[in-house]
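Reminder that position 337 of the sequence shown reads as 337 in my numbering, one-by-one numbering, no gaps.
C-beta atoms are modelled at their ideal positions from N, C-alpha and C, and glycine is treated no differently.
Read the structure below first, then the notes.
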Amino acid sequence: MTRSLAILGATGSIGASTLAVVEEVNTRAAARGEPVPFTVDSLTANTDATAMIALAGQWRPAFVAMADPLAGAQVREALAGSGIEVGIGPGACDAAAARPTDVVMAAVVGAAGLAPTLVAARRGATVLLANKECLVCAGPLFLAEARKAGATILPTDSEHNAIFQVLGDPAQVEKLILTASGGPFRTASADQIAAATPEQAVAHPNWSMGRKISVDSATLMNKGLELIEAALLFDMPEERIEVLVHPQSVIHSLVAYRDGTQLAQLGCADMRIPIAHVLAWPSRFETSVQRLDLAAVGQLTFEAPDHARFPALGLARAALRGPPAAPTVLNAANEVAVESFLARNVGFPEIAAIVAETLTQASRRGLDGALASLDDVMAADAAGRALAREEVARRAR
Ligand SMILES: NC(=O)c1ccc[n+]([C@@H]2O[C@H](COP(=O)([O-])OP(=O)(O)OC[C@H]3O[C@@H](n4cnc5c(N)ncnc54)[C@H](OP(=O)(O)O)[C@@H]3O)[C@@H](O)[C@H]2O)c1
């Protein structure tokens, strides 16, 4: 059976990996004389008009959307006469999600992914959830809407996909163990971390990813966001989710059961593996991704996270234990702080410091208390961004 696919964030790292898997499985099926598993119905992006024009030429989707108006105008001009409809503005990304596709890959980076992903969930689509920020900032609401609509949410982030693959009866689970590579500064001294540049921060030792998540991996905020994501997806209290640094990124996470068993999912550090899993679920596709050779890897090592050098993880834990909208504020502040670091306005250690100060200020002013509606999410997100910008301005170099 051929299923139609929308990719939100098609020009990014997850978007590219998704299209690579689709290309491979479609080619294999066609070679066997079988119907292709997927047609690409719609693609969305923000500013990268060049990449979108190339993707549209290759995949011939029915609809493409560009959130940025200037980029949208460029894409519309380039695709004039092609028969491909081009939507412009953030609403056009929502329109892509609203099209009646079978499957939606949610791979926009940041809280900007919330609106279109929610549109897909509300119409009961199968949502392949790579974007973690939308769960962090609106988790309980997002999941309630998805449940109400009968949407299928498939965890695509590698750690959550690993847990999803080895999770048996939730009643027998003692704890979840999220693995973390430790990022590029795992062995760096506090002084080296203080002097870290954007180039060093985005150079992840194992994974090739977008810039924002790469910086999050370097601060360990990524693991903090994933902890919140895991708590929501698997309905697990914060104290029963452990983080384990595992520099080889071979074990992607584990589930510990009450009889002492731990089940893990292993594989090479390649996002095409969890993406192929959710695209094929509940079946599996044959793919050509590199096979894991444990004898060649030789050793797997583990260590506890160092909270002194990487305070972001503790901030995420505190936000998860805190008032309902604290994770929304944490996420908003982190997006502002990472953007400011990448723009060289603040240093690397200031990312966590800005987030910490924003959380304190939001709590003092009672801005993190309510999360009963999407308006509350928007208000907490806006408050977090405004406070974090004030903090950036105070600290700007
Ligand atoms: N990369 C990974 O290996 C990985 C692994 C697990 C989870 N994730 C999660 O998956 C998500 C995507 O990560 P990524 O690494 O693929 O990011 P990325 O490479 O930066 O790509 C982000 C995508 O989102 C689009 N986008 C950015 N801002 C937007 C906006 N305001 N409105 C609409 N579209 C916007 C970008 O369009 P332009 O190209 O036009 O800017 C691009 O298509 C993140 O939430 C990340 O945490 C990523």
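In the same chain as F164, and ignoring 5 residues on each side of it, the C-beta atoms closer than 7 Å to its own belong to P155, in chain order. Short note on W207: C-beta closer than 7 Å to some heavy atom of ligand 1. Non-local beta-carbon contacts of R240 in its own chain, meaning distances under 6 Å to residues more than five positions away in sequence, involve K175 in chain order. Taking one beta carbon from each stretch, the segment 346 to 360 and the segment 322 to 337 have 3 or more pairs nearer than 8 Å; the two touch.
Under the three-state reduction of DSSP, T301 is assigned to coil, being neither helix nor strand. Among the bridge pairs identified by DSSP, S42 is matched with A6 and F63. For A180, the uninterrupted beta strand (DSSP E) run begins and ends at V173 to A180, by DSSP. Secondary structure at A316: helix, using DSSP grouped into helix, strand and coil. When distances are taken from the beta-carbon of T47 to the heavy atoms of ligand 1, the shortest one is below 7 Å.
Bounds of the alpha helix (DSSP H) holding T328 are A326 to L342. 8 Å or more divides the Cβ of M52 from the Cβ of A62. Look at P155 here: in three-state DSSP terms it is strand. Counting along the chain, no beta strand (DSSP E) covers I354; the unbroken alpha helix (DSSP H) around it starts and ends at P349 to R364.
For T126, the enclosing beta strand (DSSP E) covers residues T126 to L129. The alpha-carbon separation between L118 and L225 amounts to approximately 19 Å. Counting only runs of 3 or more residues that sit fully inside the segment 241 to 304, the beta strand (DSSP E) segments are 241 to 245, 251 to 257 and 262 to 266, in chain order. A distance below 8 Å between beta-carbons, with the five flanking residues on each side excluded, links W281 to the following residues of its chain, in chain order: L154.
The segment 216 to 231 makes contact with the segment 131 to 139; the number of CB pairs closer than 8 Å reaches 3 or more. E133 has its Cβ nearer than 7 Å to a heavy atom of ligand 1. Set against 7 Å, the gap from the CB of V75 to the closest heavy atom of ligand 1 is not smaller.
Restricting attention to S373, R317 and T187, the CA atom closest to the CA of P205 is found in T187. Listed as beta-bridge partners of G87 by DSSP are A65. Residue pairing of V104 in beta bridges, as defined by DSSP: A6 and V127. 8 Å or more divides the Cβ of P311 from the Cβ of A194. If you draw a straight line from the Cα of A393 to the Cα of E24, it comes to about 47 Å.
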